[in-house]
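S.K.:
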Amino acid sequence: MTRSLVTAVEHFPIAGSFTISRGSKTTASVVTCRISGDGFTGVGECVPYGRYGETIDGVLAEIEAIRPEIEAGLGRNSLLTAMNAGAARNAIDCALWDLEAKTSGRHVFATANLTEPQPLTTAYTLSLGEPETMATQAAQYAHRALLKVKVGTADDAARIRAVRAAAPDSAIILDANEGWTEANLAYHFAVCAESGVALIEQPLPAGHDGLLASLSRPVPVCADESVHRTEDLPKLAGLYDAVNIKLDKTGGLTEALRMRDAARALNLKIMVGCMVGTSLGMAPAILLAQGAEFADLDGPLLLARDREPGLRYEASLVFPPIPALWG
Numbered sequence: 000m001t002r003s004l005v006t007a008v009e010h011f012p013i014a015g016s017f018t019i020s021r022g023s024k025t026t027a028s029v030v031t032c033r034i035s036g037d038g039f040t041g042v043g044e045c046v047p048y049g050r051y052g053e054t055i056d057g058v059l060a061e062i063e064a065i066r067p068e069i070e071a072g073l074g075r076n077s078l079l080t081a082m083n084a085g086a087a088r089n090a091i092d093c094a095l096w097d098l099e100a101k102t103s104g105r106h107v108f109a110t111a112n113l114t115e116p117q118p119l120t121t122a123y124t125l126s127l128g129e130p131e132t133m134a135t136q137a138a139q140y141a142h143r144a145l146l147k148v149k150v151g152t153a154d155d156a157a158r159i160r161a162v163r164a165a166a167p168d169s170a171i172i173l174d175a176n177e178g179w180t181e182a183n184l185a186y187h188f189a190v191c192a193e194s195g196v197a198l199i200e201q202p203l204p205a206g207h208d209g210l211l212a213s214l215s216r217p218v219p220v221c222a223d224e225s226v227h228r229t230e231d232l233p234k235l236a237g238l239y240d241a242v243n244i245k246l247d248k249t250g251g252l253t254e255a256l257r258m259r260d261a262a263r264a265l266n267l268k269i270m271v272g273c274m275v276g277t278s279l280g281m282a283p284a285i286l287l288a289q290g291a292e293f294a295d296l297d298g299p300l301l302l303a304r305d306r307e308p309g310l311r312y313e314a315s316l317v318f319p320p321i322p323a324l325w326g
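Sequential numbering from 0 applies to the sequence shown in numbering that gives the first Met the number 0.
#1: Between Glu-9 and the rest of its own chain, which residues show a CB-CB distance below 7 Å, the 5 nearest in sequence each way excluded?
#2: Among all the DSSP beta bridges, which residues are the ones paired with Lys-149?
#3: Do three or more CB pairs link the region 303-314 to the region 55-65 at distances below 8 Å?
#4: Can you check whether the CB of Asp-92 is closer than 7 Å to the CB of Arg-75?
#5: Which partner residues does Lys-24 have in the DSSP bridge list?
#6: Can you give me the Cβ contacts of Arg-158 inside the same chain, cut-off strictly under 6 Å, excluding the 5 residues immediately before and after it?
#7: When you compare each of Ser-77, Thr-54, Ala-212 and Thr-40 to Thr-253 by their alpha carbons, which one comes out closest?
#8: Which residues does DSSP pair with Cys-45 in a beta bridge?
#9: Taking the alpha helix (DSSP H) that Glu-115 belongs to, which residues open and close that run?
#10: Starting from Lys-245, follow the beta strand (DSSP E) in both directions and report where the run begins and ends.
#11: Hey, quick one: how far does the alpha helix (DSSP H) through Ala-156 stretch, first residue to last?
#12: Within the same chain, show all residues whose beta-carbon is closer than 7 Å to that of Ala-100, passing over the 5 residues directly before and after it, in chain order.
#13: Taking DSSP as the reference, what is the three-state secondary structure of Met-274?
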């Protein structure tokens, strides 16, 4: 099958702004990959992430470099060794899955030997701010079953307590985005335990994971920035209780499914997360998140405008994608 590959850069405004410990942004910029062949087109989306040294131009260059092989018929499994893990490979991998589904008339979940996906409870993310502002956010979304709360400052106790008081019935994931230190880690752990936090995400900078070996973990701790590839997992087992698998880190659904199975074998819980992107970027992650302990697939809910058609969100649930979107 002769193929053609087309890329596009698209910008989607964020509703308000999105703030974490590393800064704020008001726009979600995504790269879309379209691979066509035999009258069908598969689509995939990625979000280049500066924390990992990625840029829009860099991702476009990576895709352009592999274009001849893709157009000549390179498959998903060969892609794993032809490209490094990251956003560029994610866009191509997900487009190849979608193209295969459209060409064969079989859903991606069937091709991947997965069970038919069901609706998932997804977290809703609250941006980092002053305690009073975060309490106001939390009160607005206190009806949601699961909140993901961005922290990561030298003293987050007031933020944690304010959010818990404003949303007493919501389960809470706390995401420090590498913002805590050896000096304040035990202190924050104690506040999290006192506040009934369900999970703490990436408290320390990547590479400082060994510090977790010397502390008791009263609340389960999840690796995010510290885990990109399946090969990262063995060194994290025993230090972390869970791993956050994101398609833009693993470089697509193919590797993400492999990582999920390897993490399970190491008795690590699974969280499936996302960058701030559209429903197209979330759609394949819904398949990955089936059976996961935590799903954080709220990217489209943070946007002022999503794709049409987009994913269906209802209360705290996100529903599987329709074929017109992906898969």
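A virtual CB, placed ideally from N, CA and C, is assigned to each residue, including glycine.
M.R.: On the basis of the supplied data:
#1: Indexing the sequence shown from 1 puts residue 9 at position 10. The residues are Val-29 and Thr-31.
#2: One-based indexing of the sequence shown puts residue 149 at position 150. According to DSSP, Lys-149 bridges with Asp-174.
#3: no
#4: The residue you call residue 75 lines up with position 76 of the sequence shown. The residue you call residue 92 lines up with position 93 of the sequence shown. Yes. Within cutoff.
#5: By one-based count along the sequence shown, residue 24 stands at place 25. DSSP output for Lys-24 lists Phe-17 as bridge partner(s).
#6: Residue 158 sits at position 159 when you count from the first residue of the sequence shown. Within the same chain, Arg-158 has close Cβ partners Pro-130, Met-133 and Val-150.
#7: Looking up residue 253 in the sequence shown gives position 254. Per the Cα distances, Ser-77.
#8: One-based indexing of the sequence shown puts residue 45 at position 46. In the DSSP output, where bridge partners are listed per residue, Cys-45 has Val-30.
#9: As a working mapping, residue 115 is identified with position 116 in the sequence shown. No alpha helix (DSSP H) contains Glu-115, which DSSP labels as neither H nor E.
#10: Along the sequence shown, read from residue 1 onward, the residue named residue 245 stands at position 246. Note, Lys-245: premise wrong, no beta strand (DSSP E); not H, not E.
#11: In the sequence shown, the residue the question calls residue 156 occupies position 157. That run of the alpha helix (DSSP H) goes 156-165.
#12: In the sequence shown, the residue the question calls residue 100 occupies position 101. Hits under 7 Å: His-106, Val-107, Thr-110 and Gly-326.
#13: Reading the sequence shown from its first residue, position 275 is the one you call residue 274. DSSP places Met-274 in coil when its eight states are reduced to three.
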